[in-house]
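Heads up: the structure comes next, in structure tokens.
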Amino acid sequence: MSRQKIHLLTEQNGIESGVLDEVPRKKQKKEIESEITDDGGNENENENEKGNGNGKAEESDEFDDLEDTVRTETVGLKYTDSDIYLDTVNRKVLNFDMPLICSVSLATTNIHICLVCNRYLQGASLSSPAFTHAVDTNHHVYINTQTSKFIILPEQLVLSENRSKDLRDIQLLLQPKFGKQLISELDSRPLEGKTMAGEAYDVGFVPLVNDYMSDIIDTRFDAKEGNSILKHNTLYYALLHLPLVRDHLLEYKNSESTPLSNQLSNLTKKIWSPYLFKNFTSSFAIEYYLLSCRLPTKILDDVRLFYTWILNTLMKENKKLYKDLFTGKLVSKGGAKPIKFINLTVKLPQQSVFKGSTSLSIEQYDLMTLIKEKGYQVLKFPQYLVIYIDRTNDVQLEGIEQQLNKSIVKFDPNTLQLNERTNYKLLANITDSKVQVLDKSRKRWMEFDGVGVKEVEKELLFIANSQLQIWEK
Ligand SMILES: [Zn+2]
């Protein structure tokens, strides 16, 4: 875009919107343009060569279809090296955990986030919600959520690579970067992050907090029960602490054909990010994605069914990896044909009511014994063995159904010896409302209860009502 052209567009816009104080804005633009460096100019030329070489992209701005704009709007825009608006960036309000949806048009592509007020807005063109927001509110600095480039609006300038370094922490908040070295050390070297307020947090062990967002965004979320989100969070937490799943997702490059992997990858990168501004993150985006999957409540509310759905979907997206990690083969008692499994189920015997009492008996069972009683002959042990402890109850106590069998299942987290050659160690233990995961780097167990994460004694893990466990070979 030529300078004359920017000028022309500004004039047009001033006339169209009728809300601009033209004189100071033009002055600002002039200042910005005068500070465009050679570097910036070169980058711009390269960008033009790669993209729309004739620089005519802007002419079609008024005909943008807001729903379908997929081109990267930075192509053809001029670079600036100026820091003129950068002091208006308000890091305190920044939160990049929400689903990428334009708060005006509800479009889901080409979303920019206003770095002054955290609004999610589509586009950068003249007719776009982001542009209008810039004009209406005098908010100038935006980040493109696809490219991580900073856009200055309504001037329609891209911040140069060099100047973008001043906002590098914001790029890393949006898209944390993980080198091979960092990933390879996650289980051996404890890593500490520092929040914007200077508080230290243990990387990999921040809580997922979803409730604070319900008043900020789409009311469709209000209909969803908090309890099912908590259940989902415990499962995400467990899965994303399995080293081979985590490492794969940290290195994962999002692809249009793998929506669930994309979502889980984004969440993994946030949970394991050393660059968080606050010491928590959120699964809001993935929960929003689940809405579009229209799953029956039965699946959403049941940890085993939800796990099955997640794993089957992941296997559709990357059969080799997830099949290798989670699928085993067994012959069931009295069966002839080997069958594949992604989890072993053990059912607890029904609880009984003490005679003349109003309380249920709390029995104790040994996990190994429960598995042996099933009489499975396991032909292939998976890398990650998932055990589902079925706690559904048919017992009534004073007319009230006791849905959760609270019998204790004892196990040793260090060893589950399924045959002479196959030993498993516990990595994650999901209960009806919590999840406990092994922190390998600090050799301790951490418990996420839906609000916070705290250390828990290994010896006491079995006291919680385990429902889904993940063991590592
Ligand atoms: Zn704003």
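Just so it is clear: in the sequence shown, position 332 is 349 by the numbering used here, and no numbers are missing. Ideal Cβ positions, reconstructed from N, Cα and C, are used throughout, including at glycine.
Kindly give me the distance between the Cβ atoms of Leu94 and Gln188, rounded to whole angstroms, as I take these residues to be in contact under 8 angstroms.
On the sequence shown, position 77 is the one that residue 94 refers to. On the sequence shown, position 171 is the one that residue 188 refers to. About 18 angstroms separates the two Cβ atoms, so there is no contact after all.
Using only the heavy atoms of ligand 1, determine whether one of them is closer than 6 angstroms to the beta carbon of Arg136.
In the sequence shown, residue 136 corresponds to position 119, counting from 1. Yes, since a heavy atom of ligand 1 falls inside the 6 angstroms radius drawn around the Cβ of Arg136.
Alpha-carbon spacing of Tyr254 relative to Ile128, whole angstroms
As a first step, residue 254 must be located in the sequence shown, where it is residue number 237. As a first step, residue 128 must be located in the sequence shown, where it is residue number 111. Near 27 angstroms, if we compare the C-alpha coordinates of Ile128 and Tyr254.
Whether Pro355 touches Leu396 by CB criterion (7 angstroms):
Looking up residue 355 in the sequence shown gives position 338. Looking up residue 396 in the sequence shown gives position 379. Their beta carbons are under 7 angstroms apart, which means Pro355 touches Leu396 by this criterion.
What residue range does the beta strand (DSSP E) around Gln139 cover?
Position 122 of the sequence shown, counted from the start, is the residue given in the question as residue 139. That run of the beta strand (DSSP E) goes 137 to 139.
Helix, strand or coil: how does DSSP classify Ala255 here?
The residue you call residue 255 lines up with position 238 of the sequence shown. Here Ala255 sits in helix by DSSP.
In three-state terms, what does DSSP make of Tyr269?
One-based indexing of the sequence shown puts residue 269 at position 252. Tyr269: coil per DSSP, three-state reduction.
Contact test: His156 Cβ vs ligand 1 heavy atom, cutoff 6 angstroms:
One-based indexing of the sequence shown puts residue 156 at position 139. Result yes, Cβ under 6 angstroms from ligand 1.
So, are the CB atoms of Gly392 and Lys357 less than 7 angstroms apart?
Along the sequence shown, one-based indexing puts residue 392 at 375. Along the sequence shown, one-based indexing puts residue 357 at 340. Not closer than 7 angstroms, so no.
Please go through the same chain and pick out, in chain order, the residues whose beta-carbon is closer than 8 angstroms to the beta-carbon of Glu216, but skip the five residues on each side of it.
Indexing the sequence shown from 1 puts residue 216 at position 199. Closer than 8 angstroms at the Cβ level, and outside the excluded window around Glu216, lie Asn296.
Span separating the alpha-carbon of Glu489 from that of Leu191:
Here residue 489 corresponds to residue number 472 of the sequence shown, with the count starting at 1. Here residue 191 corresponds to residue number 174 of the sequence shown, with the count starting at 1. Cα to Cα, Glu489 sits roughly 32 angstroms from Leu191.
Identify every residue that forms a DSSP beta bridge with Asn440.
Walking along the sequence shown from the start, residue 440 turns up at place 423. BP columns for Asn440 point to Gln434.
Taking the alpha carbon of Gly140 as the reference point, which residue from Ile480, Thr362, Asp153, Asn161 has its own alpha carbon closest?
For the purposes of this step, residue 140 is identified with residue 123 of the sequence shown, where counting begins at 1. Considering only alpha carbons, the answer is Asn161.
According to DSSP, is Gln486 helix, strand or coil?
Taking the sequence shown and counting its residues from 1, the one referred to as residue 486 is at position 469. Note: Gln486 maps to strand in three-state DSSP.
Kindly indicate which residue of Gln163, Thr164, Tyr137, Arg438 has the alpha-carbon position closest to the one of His156.
The residue labelled residue 156 in the question sits at position 139 within the sequence shown. Selection Gln163, Thr164, Tyr137, Arg438 evaluated against His156 yields Tyr137 as nearest (Cα-Cα).
Using beta-carbon positions only, say whether Val320 and Gln484 come within less than 7 angstroms of one another.
Indexing the sequence shown from 1 puts residue 320 at position 303. Indexing the sequence shown from 1 puts residue 484 at position 467. Less than 7 angstroms divides the Cβ of Val320 from the Cβ of Gln484.
Would you say the beta carbon of Val133 is closer than 6 angstroms to some non-hydrogen atom of ligand 1?
Working through the sequence shown from its first residue, we reach residue 133 at position 116. Result yes, Cβ under 6 angstroms from ligand 1.
Buried or exposed (CB count within 10 angstroms, at least 16 for buried), Cys119
Along the sequence shown, one-based indexing puts residue 119 at 102. Buried.
Compute the beta-carbon to beta-carbon distance between Arg180 and Asp100, rounded to the nearest angstrom, for a pair I have assumed lies under 8 angstroms.
Indexing the sequence shown from 1 puts residue 180 at position 163. Indexing the sequence shown from 1 puts residue 100 at position 83. Right, their Cβ atoms sit about 6 angstroms apart.
What did DSSP end up calling Lys457 once you bin it into helix, strand or coil?
In the sequence shown, counting from the first residue as 1, residue 457 sits at position 440. Shown here, Lys457 sits in coil according to DSSP, grouped into three states, outside any helix or strand.
Which stretch, first to last residue, makes up the alpha helix (DSSP H) that contains Asn279?
If you number the sequence shown from 1, residue 279 lands on position 262. Counting along the chain, the alpha helix (DSSP H) containing Asn279 begins and ends at 276 to 288.
Glu304, DSSP secondary structure in three states
Indexing the sequence shown from 1 puts residue 304 at position 287. Glu304 falls in the helix class under three-state DSSP.
Decide if Gly352 is buried, meaning its Cβ has at least 16 other Cβ atoms within 10 Å, or exposed.
As a working mapping, residue 352 is identified with position 335 in the sequence shown. Exposed is the call here.
If you follow the beta strand (DSSP E) that His156 is part of, which residue opens it and which one closes it?
Taking the first residue of the sequence shown as 1, we reach residue 156 at position 139. DSSP places His156 in no beta strand (DSSP E); its state is neither H nor E.
Candidates Lys109, Leu203, Lys270: closest to Gln163 by CA position
Locating residue 163 in the sequence shown gives position 146, where the first residue counts as 1. It is Lys270.
Which residues bound the beta strand (DSSP E) around Lys475?
Here residue 475 refers to the residue found at position 458 of the sequence shown. First-last for Lys475: undefined, no H or E at that position.
Leaving out five residues on either side along the sequence, give the residues of the same chain with a beta carbon under 8 angstroms from the beta carbon of Val473.
Counting from one through the sequence shown, the residue named residue 473 turns up at place 456. Result list for Val473: Gln453, Trp462, Met463, Glu464, in chain order.
Own chain, CB closer than 8 angstroms to Ser165, minus 5 neighbours either side, in chain order
By 1-based counting over the sequence shown, the position of residue 165 is 148. Closer than 8 angstroms at the Cβ level, and outside the excluded window around Ser165, lie Gln188, Leu191, Gln192.
Which residue marks the beginning of the alpha helix (DSSP H) containing Glu178, and which one marks its end?
Sequence index remark: in the sequence shown, residue 178 carries index 161 (1-based). That run of the alpha helix (DSSP H) goes 178 to 181.
When DSSP labels each residue in this structure, what does Thr162 get in the three-state scheme?
Working through the sequence shown from its first residue, we reach residue 162 at position 145. DSSP places Thr162 in coil when its eight states are reduced to three.
Run through DSSP, which three-state label would Thr126 get?
Indexing the sequence shown from 1 puts residue 126 at position 109. Reduced to three states, the DSSP call for Thr126 is coil.
Just the Cα atoms here: how many angstroms apart are Asn283 and Leu328?
To locate residue 283, count along the sequence shown from 1; it is residue 266. To locate residue 328, count along the sequence shown from 1; it is residue 311. Taking the straight line from one Cα to the other gives about 17 angstroms.
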